[in-house]
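*Asks:*
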Amino acid sequence: MPKYVLWGTYCEDVLEKRTAHRQAHLDGLAKQKESGVLITIGPTKDVTKVFGIYEAEDEATVRQLIENDPYWKNGIWTEYSVKEWIQAF
1 MPKYVLWGTY CEDVLEKRTA HRQAHLDGLA KQKESGVLIT IGPTKDVTKV FGIYEAEDEA
61 TVRQLIENDP YWKNGIWTEY SVKEWIQAF
């Protein structure tokens with residue numbers, strides 16, 4: 001099954017703004033991880049970017065997961081890109 005890389009950007013003042021949406025965000029990610037579609041995800045140390053790896057049938061599935069995430073719906077993630085990834089090792 002294809003793998004996809006997510007790169008996204010966080011809003012300004014993310015640590016304060018994410019608080020109301022954080023638990024719903026984490027619960028959703030846990031379900032994705034449990035189902036096997038989410039391999040890994042997390043912020044850069046400076047909390048300006050988010051990086052994730054998904055394994056899904058197609059790119060549309062990954063985009064749907066991202067766009068249904070509370071962080072996207074509430075402007076915590078402000079932009080993102082998804083690219084199919086070829087894992088060499």
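So the sequence shown is numbered by the UniProt record's numbering: it starts at 1 and just counts up by one.
C-beta atoms are modelled at their ideal positions from N, C-alpha and C, and glycine is treated no differently.
(1) Taking the alpha-carbon positions, what's the Y10 to T78 distance?
(2) Residues in its own chain within less than 7 angstroms of W72 by CB, not counting five upstream and five downstream?
(3) Out of S35, L29 and E55, which one is the CA nearest neighbour of V5?
(4) To the nearest angstrom, how far is it from the Cα of A20 to the Cα of F89?
(5) Where does I76 sit, in a helix, a strand or coil, going by DSSP?
*Replies:* Short version:
(1) Distance from the CA atom of Y10 to the CA atom of T78, rounded to whole angstroms, is 6 angstroms.
(2) The answer, listed in chain order, is I66.
(3) Closest in C-alpha terms to V5, from the list S35, L29 and E55, comes E55.
(4) Straight across, the Cα-Cα distance linking A20 with F89 is about 38 angstroms.
(5) The answer is coil: DSSP assigns I76 none of H, G, I, E or B.
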